[in-house]
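Residue numbers (the numbering used here), protein chains in the order written: chain A, 45 to 266; chain B, 45 to 266. The beta-carbon is built from N, C-alpha and C at its ideal position, and this holds for glycine as well. In this text the structure is predicted, and so the values were computed from the model without any measurement.
Number of protein chains: 2
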Amino acid sequence: MSVAPGFQPVHRESTSALITRQLREGIMRGTLPAGTQLSEVSLAAEFGVSRGPLREAMQRLVQEGLVRSELNRGLFVKELDEAEIRDLYLTRTAIETAAARAVAHGETVTQSLERLRARATAMAEAAAAEDLQALADADFAFHEELVNLAGSPRLHRVHETLMVETRMCLTALQGTYFDPEDQVAEHSRIVEAIAAGDDAAMVREIEEHMQEALDRLVRATR
Amino acid sequence: MSVAPGFQPVHRESTSALITRQLREGIMRGTLPAGTQLSEVSLAAEFGVSRGPLREAMQRLVQEGLVRSELNRGLFVKELDEAEIRDLYLTRTAIETAAARAVAHGETVTQSLERLRARATAMAEAAAAEDLQALADADFAFHEELVNLAGSPRLHRVHETLMVETRMCLTALQGTYFDPEDQVAEHSRIVEAIAAGDDAAMVREIEEHMQEALDRLVRATR
DNA sequence: CCCGTGAAGATTGTCAACAATCCGGAGATA
DNA sequence: TATCTCCGGATTGTTGACAATCTTCACGGG
């Protein structure tokens, strides 16, 4: 039994982790809209578990900041007002600029750029096909890829939450029209700044991109 | 009842939140050293609660990344190897540079600078008195103040965890000697860069400070 | 008509018991 | 001697029941 046929260590997950993931997905997709109370009994019934594991999952989401807890009253999906959205994008900028710099100074810049370009291309194709859903997905995939390539577990964890919140915002305004070409161009500029290894340019492009995205959002909200 | 005598809305906290805070403190101070298993029964007994609330607190810490969960085996205080420490400082750099920029561009720069200068002065005094404990505390207070002044709930939340991890590292190497003057000088330079409103300088100073701190740590670890 | 009072219902917070899983060592077997 | 098997003890995972709290709504007094 000493041969190693490339097996991976079995990594099972605790039930609370599983439930957490599903709830997060629900919040993200808008199945659980902002402000809704998360009833323990009904959710537990839906998941087919007792309230114990479910409550543990809830506490995770509270810690993550996706859920707000009111003592003896219940848990509610966090609502995002304009100030919160600004803060969200401020933090995204912090994380993603750091990620970009890590990627640019990393060992495997060439491969990283290849993957980022692929993501940018996917966005361009979706824009050309006028498939807004695909465009949005490719957009998220780009930013997730950027942070993944940085190879930082902490940046990744924080960013994961931020992306859920971002998706929350966009889901709430589904159907709003954004100019696809602008978005595609902004992402390309980010990639090229990384390729050029120009730290200042990277930061500037990401900042501008976030500012644009934020403006689009705020404009659509009013 | 329309007069507003400056009362604050009562905000009580759930038991799990309270326990979480205490456990976090324990991890930070080294009462619960890295790697130790967190026994549910003994901890529950110590806190005088049942395992329910305690488990909820644990899940929070898992989500925060301070505790690692092994299924059916237990929960362990996360250990930080060199790669983790590097990642920690990378992320701190990301958060604190963003905070510094927010402070520099904020409405109340003057007041903010005042408070930061006060923190820097406290450090200098501790260094002059050769009180290493006070110096370390003042150091932490400076960085916490910096992020608080940014007024960003997200940056704050993330930073809180990072500071716990930082303290974990330092507690583990208690007794090691670092040159106080260097540390004091680095912090002063950060404040002055913010005062000058020079974004690039701010980023550079914080980056260098983090790099220095990281080097000190890694050197001490080996 | 308005406001304070009180009880019913529902929801969350907590607990102690039960089930499942894992780790260690004693003993048997080759 | 080395290895396999099995059992005991301990720890975690899960559950259902009980206690505490909050909300709602009807009722009665001013």
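Beta carbon of residue i nearer than 8 Å to that of residue j
i, j, result
"alanine 78/B", "leucine 132/B", "no"
"arginine 163/B", "alanine 185/B", "yes"
"isoleucine 63/B", "leucine 98/B", "yes"
"alanine 239/B", "alanine 245/B", "no"
"serine 113/B", "serine 58/A", "yes"
"leucine 119/A", "glutamine 81/A", "yes"
"leucine 199/B", "threonine 75/A", "no"
"valine 147/B", "leucine 190/B", "yes"
"glutamate 256/B", "glutamate 230/B", "yes"
"glutamate 188/A", "glutamine 107/B", "no"
"leucine 19/A", "isoleucine 129/A", "Lying outside 45 to 266, the shown extent of chain A, residue 19/A is not represented and no answer is given."
"aspartate 181/B", "glutamine 227/B", "no"
"alanine 194/B", "alanine 138/B", "no"
"glutamate 100/A", "serine 60/A", "yes"
"arginine 104/B", "leucine 115/A", "no"
"alanine 264/B", "threonine 220/B", "yes"
"glutamate 84/B", "arginine 95/B", "yes"
"valine 202/B", "valine 202/A", "yes"
Neighbour flag for residue i against chain B, beta carbons, 8 Å
i, result
"glutamate 249/A", "no"
"proline 53/A", "no"
"aspartate 242/A", "no"
"valine 121/A", "no"
"aspartate 131/A", "yes"
"isoleucine 139/A", "yes"
"arginine 211/A", "no"
"serine 156/A", "no"
"serine 60/A", "yes"
"arginine 56/A", "yes"
"glycine 74/A", "no"
"isoleucine 63/A", "no"
Residue i - partner residues in DSSP beta bridges
i, result
"arginine 112/A", "Phe120/A"
"leucine 179/B", "In DSSP, leucine 179/B forms no bridge with anything."
"glutamine 81/B", "Phe120/B"
Residue interval of the alpha helix (DSSP H) (run including residue i)
i, result
"proline 197/A", "197-216"
"valine 153/B", "153-172"
"leucine 261/A", "243-265"
"arginine 65/A", "59-73"
"leucine 132/B", "126-148"
"arginine 233/B", "224-240"
Any C-beta of chain A under 8 Å from that of residue i
i, result
"proline 224/B", "no"
"glutamate 100/B", "yes"
"alanine 142/B", "yes"
"aspartate 125/B", "no"
"threonine 135/B", "yes"
"valine 85/B", "no"
"isoleucine 71/B", "no"
"leucine 193/B", "no"
"proline 77/B", "no"
"arginine 198/B", "yes"
"aspartate 259/B", "no"
Supposed close pair residue i, residue j - CB separation, criterion 8 Å
i, j, result
"threonine 141/A", "valine 247/A", "5 Å"
"glutamate 126/A", "valine 235/A", "The Cβ separation is near 30 Å, so there is no contact."
Residue i Cβ short of 7 Å to the ligand GDP heavy atom set
i, result
"methionine 167/A", "By its list of ligands, the structure shown contains no ligand whatsoever, and the ligand GDP lies outside what it can speak to."
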